[in-house]
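Participant: Before I ask anything, let me first share the structure, which is written out below as structure tokens.
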Amino acid sequence: MTAPKPPYRAEHVGSFIRPDKLLNAAHANKAGEIDDAAFDDVKNQCIADIVAFQDSIGMPAVTDGEFRRRVWSGGVSDALEGMGIKEAGTLTFKDENGEVFMPPSLYAEGKLSRKHNIVTDDFKYVNSLSPQGQPKVTMASPPVMHFFLGHESYDPDIYSSDEEYFADLTQAYKDEVVELAEAGCSYIQLDDTALPCNCDEDARESIRARGEDPDQLTDTYVKAINDAVSSRPDNMFAGMHMCRGNLKGLWMAAGGYEPIAEKIFNQLNIDAFFMEYDNERSGDFQPLRFLPKGKVAV
3 MTAPKPPYRA EHVGSFIRPD KLLNAAHANK AGEIDDAAFD DVKNQCIADI VAFQDSIGMP
63 AVTDGEFRRR VWSGGVSDAL EGMGIKEAGT LTFKDENGEV FMPPSLYAEG KLSRKHNIVT
123 DDFKYVNSLS PQGQPKVTMA SPPVMHFFLG HESYDPDIYS SDEEYFADLT QAYKDEVVEL
183 AEAGCSYIQL DDTALPCNCD EDARESIRAR GEDPDQLTDT YVKAINDAVS SRPDNMFAGM
243 HMCRGNLKGL WMAAGGYEPI AEKIFNQLNI DAFFMEYDNE RSGDFQPLRF LPKGKVAV
């Protein structure tokens, strides 16, 4: 009998709610009450617990819950020399009463390069636990580092164009994928909010207002993602989780996948798409008509 391969019939996108033990340790570390080594010990304990939980319910793919990260995109941004933040953006978090707040956006204040690996050490730790499920690693996608500021995502004294910016950014991913493969990882997932948010008409208007074409931006992001995963070996499966930004009941965008569906399904070198379809803000299933044979949408 052939062993099952991803995408599995049951999947999750990687992140789990932080346990109180981890949250308390994070607060204590920030307050200077415990050092980084003690905090790392708590992270390791909590990751071992969440991996055991996933195994106990028979999850065929397991993650570390993203317990080492401050925010979901932190695995990438914290690993990049030159990456900072700017208090600006394209979209705000909203609720049923309107806008709530605008989160900061990632901003390249220096030349980008990996100062340490992104998730390879995380993979090695999960793998060392000998889980029954296949270890999966998750990383924010390259477009996340661009969408919310567009051409202003980088210091113009450092990068003169999006092409230059994405060349360095995607090189970091390519190097990471090589390192992951050498460590034995065969399942990666990119987490992307940029392409789904590019379906929101308010966002598309904001993109036009800053002098960019939202459809051309989709082309740029398809190339960036393809470049990022171009170094993966044949036995490495690549999925992409797509969502519109969610935080404690708030959301950033609304709108079906129609503006991007044909391009992402047919041009992205991604094996499976884990797509947000939570409610009416996600639109209908008509965009799935573009899904070609050999690829999977979940």
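Position in the sequence shown counted from 1, then plus 2, gives you the numbering used here. For glycine and all other residues, C-beta sits at the position ideal for the given N, C-alpha and C.
1) For a test of the three-state rule: what should DSSP assign to Asp-80, helix, strand or coil?
2) Exposed or buried, which one is Lys-138 when buried takes at least 16 other CB atoms within 10 Å?
3) Please check the pair Pro-105 and Lys-88, which I expect to be a contact at CB under 8 angstroms, by giving their CB distance rounded to whole angstroms.
4) I think Phe-267 touches Pro-294, with their Cβ atoms under 8 angstroms apart; what is that distance to the nearest whole Å?
5) Between the region 7-20 and the region 133-148, can you find at least three pairs of beta-carbon atoms closer than 8 angstroms?
6) Using 8 angstroms for Cβ pairs, my map puts His-153 next to Glu-214. What's the rounded Cβ distance?
7) Using a threshold of 8 angstroms, state whether the C-beta atoms of Leu-151 and Ala-90 are closer than that.
8) Does the separation of the CB atoms of Ile-272 and Ala-240 fall below 8 angstroms?
9) Rounded to whole angstroms, how far is the Cβ of His-148 from the Cβ of Ala-196, which I believe are closer than 8 angstroms?
10) Quick one: using the 10 Å Cβ neighbour count with 16 as the cut-off for buried, is Met-3 buried or exposed?
11) Excluding the 5 residues flanking Asn-237 on each side, which residues of the same chain have their C-beta closer than 6 angstroms to its C-beta?
12) Quick one: give me the first and last residue of the beta strand (DSSP E) that Gln-288 is part of.
13) I believe Glu-278 touches Met-244 by the beta-carbon criterion, under 8 angstroms. Please report the beta-carbon distance rounded to the nearest angstrom.
14) Relative to the alpha-carbon of Pro-235, which residue among Lys-176, Phe-292, Ser-163 and Ile-262 has its alpha-carbon at the smallest distance?
15) What separation, rounded to the nearest whole angstrom, lies between the Cα atoms of Pro-6 and Ser-75?
16) Exposed or buried, what is Asp-123 when buried is set at 16 or more other beta-carbons lying within 10 Å of its beta-carbon?
17) Put Pro-294 into one of helix, strand or coil per three-state DSSP.
18) May I ask you to report which of helix, strand or coil DSSP gives Ser-163?
19) Mind checking whether Pro-216 and Tyr-259 have CB atoms under 8 angstroms apart?
20) Let me check understanding here. Comparing Cα to Cα, which of Ala-40, Val-180, Ala-142 and Pro-261 lies closest to Arg-71?
Facilitator: To lay it out plainly:
1) Residue state, collapsed to three classes: coil.
2) buried
3) Between Lys-88 and Pro-105 the Cβ distance is about 11 angstroms, and since that is not below 8 angstroms, they are no contact.
4) 6 angstroms
5) yes
6) 7 angstroms
7) yes
8) With a cutoff of 8 angstroms on beta-carbon distance, Ile-272 and Ala-240 are scored as near each other.
9) 7 angstroms
10) Residue confidence for Met-3 is low, a pLDDT of 43 falling below 50, so the modelled location carries little weight and cannot support an answer.
11) Hits under 6 angstroms: Ser-188.
12) Counting along the chain, Gln-288 falls outside any beta strand (DSSP E), and DSSP gives it neither H nor E.
13) 6 angstroms
14) Lys-176
15) 29 angstroms
16) By the neighbour-count rule (16 or more Cβ atoms within 10 Å), Asp-123 is not buried but exposed.
17) coil
18) coil
19) no
20) Ala-142
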